[in-house]
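Numbering-wise (this note's numbering), the sequence shown opens with residue 1 and increments by one. Working notes, beginning with the structure itself.
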Amino acid sequence: MEYYERIRALRQANHETQRQLAEFLGTTQQAYMKYEKGVNEMPVRRIIAICRHYNVSADYVLGLSENPEPIKK
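What follows is the structure, given as C-alpha coordinates:
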(Lines of atoms letter the chains of each structure in order from A and count residues from 1; the text may use other names and numbers.)
(Lines give C-alpha, C1' and ligand atoms only; values in the text may rest on other atoms or scores of the structure.)
Protein backbone atom coordinates (compact mmCIF):
# COMPACT_ATOMS: atom_id res chain seq x y z
CA MET A 1 0.00 0.00 0.00
CA GLU A 2 1.36 3.43 -0.94
CA TYR A 3 1.58 6.14 1.71
CA TYR A 4 -1.17 8.20 0.08
CA GLU A 5 -3.50 5.19 0.26
CA ARG A 6 -2.54 4.70 3.90
CA ILE A 7 -3.25 8.32 4.88
CA ARG A 8 -6.65 8.12 3.17
CA ALA A 9 -7.46 4.89 5.03
CA LEU A 10 -6.41 6.41 8.37
CA ARG A 11 -8.51 9.51 7.77
CA GLN A 12 -11.57 7.50 6.80
CA ALA A 13 -11.17 5.06 9.70
CA ASN A 14 -11.19 8.06 12.04
CA HIS A 15 -14.29 9.55 10.40
CA GLU A 16 -12.57 12.77 9.37
CA THR A 17 -13.09 14.72 6.17
CA GLN A 18 -10.31 15.91 3.91
CA ARG A 19 -11.16 19.45 4.98
CA GLN A 20 -10.80 18.61 8.69
CA LEU A 21 -7.42 16.97 8.21
CA ALA A 22 -6.25 19.76 5.90
CA GLU A 23 -7.13 22.33 8.58
CA PHE A 24 -5.22 20.29 11.17
CA LEU A 25 -2.20 20.20 8.85
CA GLY A 26 -2.43 23.89 8.04
CA THR A 27 -3.12 23.44 4.34
CA THR A 28 -6.08 23.64 1.98
CA GLN A 29 -8.49 20.84 1.24
CA GLN A 30 -7.42 20.98 -2.41
CA ALA A 31 -3.74 20.56 -1.52
CA TYR A 32 -4.54 17.70 0.84
CA MET A 33 -6.67 16.00 -1.82
CA LYS A 34 -3.61 15.97 -4.11
CA TYR A 35 -1.61 14.20 -1.38
CA GLU A 36 -4.28 11.50 -1.06
CA LYS A 37 -4.40 11.00 -4.82
CA GLY A 38 -0.61 10.74 -5.04
CA VAL A 39 -0.42 13.77 -7.36
CA ASN A 40 1.83 15.72 -4.96
CA GLU A 41 4.26 14.28 -2.45
CA MET A 42 3.46 15.11 1.15
CA PRO A 43 6.17 17.03 3.02
CA VAL A 44 7.87 15.16 5.84
CA ARG A 45 6.59 17.64 8.45
CA ARG A 46 3.02 16.79 7.47
CA ILE A 47 3.69 13.04 7.55
CA ILE A 48 5.05 13.49 11.08
CA ALA A 49 1.95 15.49 12.04
CA ILE A 50 -0.31 12.71 10.70
CA CYS A 51 1.65 10.09 12.66
CA ARG A 52 1.20 12.09 15.86
CA HIS A 53 -2.45 12.87 15.12
CA TYR A 54 -3.38 9.20 14.60
CA ASN A 55 -0.73 7.81 17.00
CA VAL A 56 0.82 5.54 14.38
CA SER A 57 4.40 4.93 13.35
CA ALA A 58 5.96 6.63 10.33
CA ASP A 59 6.96 3.18 9.09
CA TYR A 60 3.28 2.26 9.00
CA VAL A 61 2.26 5.41 7.13
CA LEU A 62 5.10 4.94 4.64
CA GLY A 63 4.18 1.31 4.03
CA LEU A 64 7.38 -0.11 5.54
CA SER A 65 5.49 -1.95 8.27
CA GLU A 66 2.05 -3.42 8.74
CA ASN A 67 2.20 -2.63 12.47
CA PRO A 68 0.61 0.75 13.15
CA GLU A 69 1.87 0.93 16.74
CA PRO A 70 4.48 3.62 17.37
CA ILE A 71 7.70 2.60 19.08
CA LYS A 72 7.46 3.11 22.82
CA LYS A 73 10.10 5.35 24.39
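Note that beta-carbon positions come from the ideal geometry of N, C-alpha and C, so glycine has one too. The model shown is predicted, which means the values in this text are computed figures rather than measured ones.
Can you tell me whether residue i is buried or exposed? The criterion is at least 16 other CB atoms within 10 Å of its CB, across all chains shown.
i   : result
A22 : buried
L10 : buried
In chain order, what residues of the same chain have a beta carbon less than 8 Å from the beta carbon of residue i, not counting five sequence neighbours either side?
i   : result
Y35 : Y4, I7, E41, M42, R46
Are residue i and residue j close, meaning C-beta to C-beta below 8 Å?
i   : j   : result
Y32 : Q18 : yes
Y54 : N14 : yes
Residue i: beta carbon under 7 Å from a heavy atom of the ligand COA?
i   : result
R19 : Absence of the ligand COA is noted for the structure shown, with no ligands found whatsoever.
What does the alpha-carbon distance come out to for the pair residue i and residue j?
i   : j   : result
I48 : V39 : 19 Å
L25 : V44 : 12 Å
P70 : L64 : 13 Å
Q20 : E66 : 25 Å
I50 : M1  : 17 Å
A58 : K37 : 19 Å
Under 7 Å Cβ to Cβ from residue i, same chain only, skipping five residues before and after it: list those, please.
i   : result
T28 : A22
L62 : Y3
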